[in-house]
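Enquirer: Handing you a structure now.
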Ligand code: GTP
């Protein structure tokens, strides 16, 4: 029981990714380019490296995009199936909805937007040694106030699930990765929206199920917000977050070989540059994600930002902490900062005007 080859992986990828709009208007969050690959590909590589080969994706929003890209998974050495929710069923409903595709008694479920370094086999080992019905990965974070907290007893048994609070009694938070005994998945109500965090897990505790935590303090990041998305991508590029796809290639920047980078360009802080992107002389990019087919004119300075596919950035523009949507144009000498989000196709003319969402 619980050997990786006898474990199904289920990945929840059906969310709308509203916090990352406008990047997610056309592309589901797990498919956004992160350190040169769709984010989900890093997770699939970790699953494969752990020895799990059968993967079921629970899709809904922009469901077709996943199968178009990954197909049957054979190129990745995996066997991938897709189950589409016509109406999004929530995290619990999404897990219930894949039940008849499962092959094994042990099922490892992943949120499709979490980046972490935890050894997946270690979580399976905890599940086996505790003879658990459900094992949750819990990560210890310096500031747990923004997350649901999950206290455990001395044996690692989960005591309760707490909503976000200003005064959390523990620094252990739900890390978005769970190992289920398959029978429990059948107990989740089918055909309606269910939140695994708010409904299913508390019910398991009420029912006296054996719910355990696998606690560690490894690297962990929810990629749901723009600042975390940028930081997660940069941490992958720099090797702080580990991906099997980037072994031997980590450093200050990751530049696709088809990109054109002019002389005197400085790329630092884990910046990644996508296919066919052109960067003009003297530009400086720090901790920034640049998707495919972007044009950056000479002398631009960009920090802590995401530049989506096909955008153009004018000469000497300065962009800090912003999201620039697909095909948007930022004029020469413009200054954008403070979490500004520019919608796809928007044209900000050359004029040196300063825009800031917190001005
Ligand atoms: P926000 O709208 O920005 O909160 O993002 P999200 O929609 O992705 O929600 P959240 O970050 O809470 O979701 C966590 C994970 O569960 C992500 O990988 C989502 O794709 C996935 N997810 C959320 N809701 C559903 C759903 O209804 N069905 C399925 N299959 N997956 C879901």
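Numbering (the working numbering), first residue to last: 5 to 363.
The C-beta atom is built at its ideal place from N, Cα and C for all residues, glycine as well.
Around the C-beta of residue 363, are 16 or more other C-beta atoms found within 10 angstroms, so that it is buried, or is it exposed?
Expert: For this step, residue 363 is matched to residue 359 along the chain shown. Caution applies to residue 363, whose pLDDT of 44 falls short of 50 and renders its modelled position unreliable; the value that the coordinates give is listed next. Residue 363 comes out exposed.
Enquirer: Quick check on this structure: which residue in 139, 158, 155 has the alpha carbon closest to the alpha carbon of residue 180?
Expert: Position 176 of the chain shown, counting from 1, holds the residue named residue 180. The option with the nearest alpha carbon to residue 180 is 139.
Enquirer: Candidates 213, 173, 283: which alpha carbon is nearest residue 151's?
Expert: Here the question's residue 151 lines up with position 147 in the chain shown. Residue 173 is the option with its Cα nearest to residue 151.
Enquirer: Is the CB-CB distance between residue 8 and residue 54 below 8 Å?
Expert: Along the chain shown, read from residue 1 onward, the residue named residue 8 stands at position 4. Along the chain shown, read from residue 1 onward, the residue named residue 54 stands at position 50. Contact flag set, yes.
Enquirer: So which of 125, 75, 249, 279 has the shortest CA-CA distance to residue 260?
Expert: For the purposes of this step, residue 260 is identified with residue 256 of the chain shown, where counting begins at 1. Taking only the C-alpha atoms, the option nearest residue 260 is 279.
Enquirer: If you count every other CB in all the chains shown that lies within 10 Å of the CB of residue 14, and 16 or more means buried, which is it?
Expert: Counting from one through the chain shown, the residue named residue 14 turns up at place 10. Buried is the call here.
Enquirer: Going by DSSP, which residues form a beta bridge with residue 364?
Expert: Nothing in the structure corresponds to residue 364, since the chain is present only between 5 and 363.
Enquirer: Among all the DSSP beta bridges, which residues are the ones paired with residue 216?
Expert: Residue 216 sits at position 212 when you count from the first residue of the chain shown. For residue 216, which the question treats as bridged, DSSP gives the partners 139, 161.
Enquirer: Hey, out of 27, 78, 21, whose CA is closest to residue 63's CA?
Expert: Here the question's residue 63 lines up with position 59 in the chain shown. Residue 63 has its Cα closest to that of 21, out of 27, 78, 21.
Enquirer: With a cut-off of 8 Å on the beta carbons, I'd call residue 227 and residue 114 a contact; round off their distance for me.
Expert: As a position in the chain shown, residue 227 is number 223, starting the count at 1. As a position in the chain shown, residue 114 is number 110, starting the count at 1. With 8 Å as the limit, residue 227 and residue 114 do not qualify as a contact, their Cβ atoms being about 12 Å apart.
Enquirer: Can you check DSSP and say which residues form a bridge with residue 42?
Expert: Taking the first residue of the chain shown as 1, we reach residue 42 at position 38. Looking at the DSSP assignment, residue 42 forms a beta bridge with 37.
Enquirer: Under 7 Å Cβ to Cβ from residue 322, same chain only, skipping five residues before and after it: list those, please.
Expert: Here residue 322 refers to the residue found at position 318 of the chain shown. Counting only Cβ-Cβ distances below 7 Å, and skipping sequence neighbours, we find 305, 339.
Enquirer: Mind checking if residue 172 is an interface residue toward chain B, Cβ cutoff 8 Å exclusive?
Expert: Here there is only one protein chain, and chain B is not present.
Enquirer: Which class does residue 363 belong to by DSSP, given the choice of helix, strand or coil?
Expert: What you label residue 363 is simply residue 359 of the chain shown in a count that begins at 1. Annotation note: pLDDT 44 at residue 363 (below 50); position unreliable, no value reported.
Enquirer: Please confirm whether any heavy atom of the ligand GTP lies closer than 7 Å to the CB of residue 67.
Expert: Within the chain shown, numbered from 1, the residue matching residue 67 stands at position 63. Checking every heavy atom of the ligand GTP against the Cβ of residue 67, none is found closer than 7 Å.
Enquirer: Taking 7 Å as the cut-off, is the beta-carbon of residue 111 closer than that to any non-hydrogen atom of the ligand GTP?
Expert: If you number the chain shown from 1, residue 111 lands on position 107. No, the ligand GTP has no heavy atom inside 7 Å of this Cβ.
Enquirer: DSSP state of residue 325, grouped into three classes?
Expert: Taking the chain shown and counting its residues from 1, one reaches residue 325 at position 321. Residue state, collapsed to three classes: coil.
Enquirer: Would you say the beta carbon of residue 33 comes nearer than 7 Å to a heavy atom of the ligand GTP?
Expert: Position 29 of the chain shown, counting from 1, holds the residue named residue 33. Yes, the beta carbon of residue 33 sits closer than 7 Å to at least one heavy atom of the ligand GTP.
Enquirer: Where DSSP assigns a beta bridge to residue 282, which residues make up the other side?
Expert: Working through the chain shown from its first residue, we reach residue 282 at position 278. Paired residues: 264, 299.
Enquirer: Based on the DSSP output, what are the partners of residue 195 in its beta bridges?
Expert: For the purposes of this step, residue 195 is identified with residue 191 of the chain shown, where counting begins at 1. Paired residues: none, contrary to the question.
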